[in-house]
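Below: the structure, in structure tokens.
Residue numbers (our numbering): 1 to 317.
Right, dumping it as structure tokens:
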């Protein structure tokens with residue numbers, strides 16, 4: 001029930017923002033010059049196709065009724081079923097999203113543990129400064145910087161797209177796809193490491209200041225041993241929680257990052273749907289993205305008991 005409520009609220013918010021947008025789908029997709037040369041009958045047909053002649057609430061409830069029956073409608077831009085478009089675009093983004101999500105979690109966790117282990121010393125200050133700088137840096141600006149340095153100046157990596165230009169799809173290898181995903185995945189990863197790093201650091205500092213950690217130090221146990229034996233266990237649960245919660249941040253940032261690298265994925269389709277007035281596609285992407293974020297948080301809740309049995313429902317102290 002909560003998942004359906006979340007999906008409904010997300011779809012309603014996206015619909016409301018698209019309704020308030022000053023973008024005219026006819027002018028955006030047909031052009032003012034072409035509209036000026038059309039007859040009133042042709043313009044009426046275009047308005048019917050784009051839904052411009054239908055009251056907004058009527059359009060939304062018609063879409064919601066079909067969605068509840070499993071029909072997400074047909075994309076107005078791609079002229080294909082919405083689920084088919086989302087599936088093809090998501091397949092193009094899966095390498096990017098998985099690489100960014102996994103790398104940001106691992107890097108953020110390692111940096112957070114390192115900063116907490118050296119609290120108050122130069123590694124801690126350096127990592128905290130880096131994290132605060134990255135946290136205040138927009139994802140698209142970092143993507144532009146990486147593109148300029150590694151794609152244009154050094155020429156080490158491709159400057160855009162998901163596959164080499166002019167190559168047949170059958171000839172594209174896994175190495176080609178990974179090479180084209182490096183820069184956009186790196187941009188998404190770096191922006192996602194800040195929160196994981198700082199949160200992990202704070203939790204580790206709390207664990208190292210606890211009674212059992214101080215008792216271990218009094219027994220002569222080394223700081224590295226305390227961090228490995230007591231610290232990692234204490235920060236694993238919050239790190240996993242934050243990692244799954246960061247999936248929504250990765251999805252949101254991919255919209256702008258994919259635009260910078262002309263990466264033909266779900267983020268670029270979202271921008272095209274919003275600017276082109278493709279209501280069925282935009283709402284479909286919104287609902288499925290909300291479902292993915294909800295599912296990620298649900299999985300994190302299930303993992304709680306696996307990582308720390310003390311917080312399982314019904315567990316006895």
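Backbone N, C-alpha and C define an ideal beta-carbon position, used for all residues, glycine too.
Taking C-beta separations shorter than 6 Å and ignoring five residues to either side along the sequence, the partners of residue 263 in its chain run 162, 184, following chain order. Counted as a single uninterrupted DSSP element, the alpha helix (DSSP H) harbouring residue 179 occupies residues 174-208. In this model, residue 106 and residue 57 are separated by some 45 Å (Cα to Cα). Looking from the CA of residue 237, the closest CA among 194, 303, 252 belongs to 303.
Exclusion of the five residues before and after residue 239 leaves 109, 200 as the residues of its chain whose Cβ lies within less than 6 Å of its Cβ. Restricted to the segment 35-104, not a single beta strand (DSSP E) segment is unbroken, complete and at least 3 residues in length. Counting only residues of its own chain and dropping the five nearest sequence neighbours on each side, residue 140 has a CB closer than 7 Å to the CB of 256, 257, 260.
Short of 6 Å from the beta carbon of residue 42, and not among the five residues preceding or following it, lies no beta carbon of its own chain. Remark: three or more beta-carbon pairs, one from each stretch, lie closer than 8 Å, so the segment 188-204 and the segment 218-238 are flagged as touching. Residue 137 sits in coil when the DSSP states are folded into three classes, being neither helix nor strand.
Residue environment: residue 133 is assigned as exposed (fewer than 16 neighbouring CB atoms within 10 Å of its CB, all protein chains considered).
Apart from the 5 residues on each side of it in sequence, residue 266 sits with its Cβ closer than 6 Å to the Cβ of 89, 90, 93 in its chain, given in chain order.
Residue range 247-260 is occupied by the alpha helix (DSSP H) that includes residue 258.
Scanning its chain for C-beta atoms nearer than 7 Å, with the 5 sequence neighbours on each side dropped, one finds around residue 241 the residues 300, in chain order. Separation of the CB atoms of residue 157 and residue 151 is rounded to 6 Å, and the pair is thereby assigned contact status at 8 Å. Distance check between residue 194 and each of 280, 246, 160 places 246 closest, using alpha-carbon atoms only. Taken atom to atom, the span from the alpha-carbon of residue 168 to that of residue 281 is near 27 Å. Its chain contains 187, 190, 191 as the residues whose beta carbon lies nearer than 7 Å to that of residue 142, once the 5 sequence neighbours on both sides are disregarded; these appear in chain order. For residue 219, the three-state secondary structure derived from DSSP is coil.
In the structure shown, residue 161 falls within a coil segment according to DSSP collapsed to helix, strand and coil. Counting every other CB atom within 10 Å of its CB across the protein chains shown gives residue 174 a total below 16, marking it as exposed. For the pair residue 67 and residue 197, the CB atoms are not nearer than the 8 Å cut-off.
An exposed status is given to residue 98, since fewer than 16 other beta-carbon atoms sit within 10 Å of its beta-carbon. Distance from the CA of residue 13 to the CA of residue 149, rounded to the nearest whole angstrom, comes to 38 Å. Boundaries of the alpha helix (DSSP H) harbouring residue 271: 266-276, taken from the DSSP string. In this structure, residue 215 lies away from residue 297, with their beta-carbon atoms at least 8 Å apart. Around the beta carbon of residue 180, 16 or more other beta carbons sit within 10 angstroms, so the residue counts as buried.
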